[in-house]
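When the letters of the sequence shown are read in order and numbered with full-length UniProt numbering, they come out as residues 1 to 92. From the three backbone atoms N, C-alpha and C, an ideal C-beta is built for every residue, glycine too. Predicted model only: the values in this text are computed from it and were never measured. See below for the structure under consideration.
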Amino acid sequence: MSGSFYFVIVGHRDNAVFEMEVFSCCSRPPHVTAGHMRFIMLHDIRQEDGIKNFFTDVYDLYIKFSMNPFYEPNSPIRSKKVQFLGQKHLLS
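The structure is reproduced here in structure tokens:
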């Protein structure tokens with residue numbers, strides 16, 4: 001299944017902490033974390049389970065980044081793993 005996806009994590013200062021065009025378009029309600037970070041995805045196909053699994057895995061990855069003592073809140077995150085997760089959950 002192919003489609004277009006745009007994913008962004010919005011920080012506390014409304015800055016893009018992470019953004020990626022997975023491969024723009026309907027929108028999905030944002031996933032808001034306990035720390036008020038917003039995970040937003042725009043997409044043009046309906047794939048609820050894949051998007052839910054993608055958000056869950058990316059949230060777990062974000063928690064690992066935020067627990068790192070060298071990570072400064074609201075600083076950009078650079079990770080190739082998110083693109084891998086996008087291919088795994090959204091394009092399968």
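- Task: Write down the C-beta distance between G86 and F54 rounded to the nearest angstrom, noting that I regard them as a contact closer than 8 Å.
- Result: 6 Å
- Item | Cβ shell of F65 (< 7 Å), same chain only, five flanking positions each side left out | Y71 and I77
- Determine the extent of the alpha helix (DSSP H) in which H89 is found, giving its start and end residues. K81 to L90
- Ends of the alpha helix (DSSP H) at Y59? E48 to M67
- Query: In three-state DSSP terms, what is Y71?
  - Reply: coil
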